[in-house]
Amino acid sequence: PPRLANGWFKPPTAAPDLPFHVERSSVGQFLPVYTDYRAGGSLKVTILRKVSGDISTLKHDMSVVCDRAPIDVRPGRLEVKGDYAMRLRNWLAGLGF
Numbered sequence: 146p147p148r149l150a151n152g153w154f155k156p157p158t159a160a161p162d163l164p165f166h167v168e169r170s171s172v173g174q175f176l177p178v179y180t181d182y183r184a185g186g187s188l189k190v191t192i193l194r195k196v197s198g199d200i201s202t203l204k205h206d207m208s209v210v211c212d213r214a215p216i217d218v219r220p221g222r223l224e225v226k227g228d229y230a231m232r233l234r235n236w237l238a239g240l241g242f
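Just so we're aligned, residue 146 is where the sequence shown starts under our numbering, counting upward by one.
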């Protein structure tokens with residue numbers, strides 16, 4: 146899907162038929178993928194928020210996209226160590242979110 150320089154993808158007209166769902170942000174309709182810098186900036190963590198449905202399936206699929214990196218399930222979000230933000234945005238847009 147076409148992407149703007151700021152990472153924005155056009156929202157789909159219909160939700161994909163998948164066991165999980167990722168809701169876009171209310172302002173700007175961005176995919177809720179964020180990068181957090183921890184441990185004084187030496188550790189990058191990619192965060193996927195606004196998820197619902199079958200989280201275990203989403204966690205498995207997300208791990209494949211993120212080079213089999215371990216995924217931490219936190220309340221309301223999934224976290225993976227490393228900078229996978231653009232890769233996750235491209236994957237989610239390709240799924241139809």
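Glycine included, each C-beta is placed from N, C-alpha and C at the ideal position.
For residue j and residue i, the rounded distance between their alpha carbons
i	j	result
residue 241	residue 226	25 Å
residue 184	residue 191	14 Å
residue 169	residue 230	15 Å
residue 205	residue 159	24 Å
residue 238	residue 188	26 Å
residue 261	residue 171	With the chain represented from 146 up to 242, any question about residue 261 goes unanswered, as that position is not in the structure.
Which residues DSSP lists as bridging residue i, in chain order
i	result
residue 197	166
residue 180	191
Within 8 Å, strictly: CB atoms of residue i and residue j
i	j	result
residue 203	residue 165	yes
residue 196	residue 222	yes
Proximity to residue i [Cα-Cα], best of the options
i	options	result
residue 200	188, 187, 167, 174	167
residue 207	178, 162, 182	178
residue 156	162, 150, 173, 163	173
residue 228	181, 150, 198	181
Close beta carbons around residue i, own chain, < 7 Å, minus the five adjacent residues each side
i	result
residue 236	210
Contacts around residue i, its chain only, beta-carbon distance under 6 Å, and the 5 residues preceding and following it disregarded
i	result
residue 161	240, 241
residue 224	190, 192, 217
residue 198	164, 165, 166
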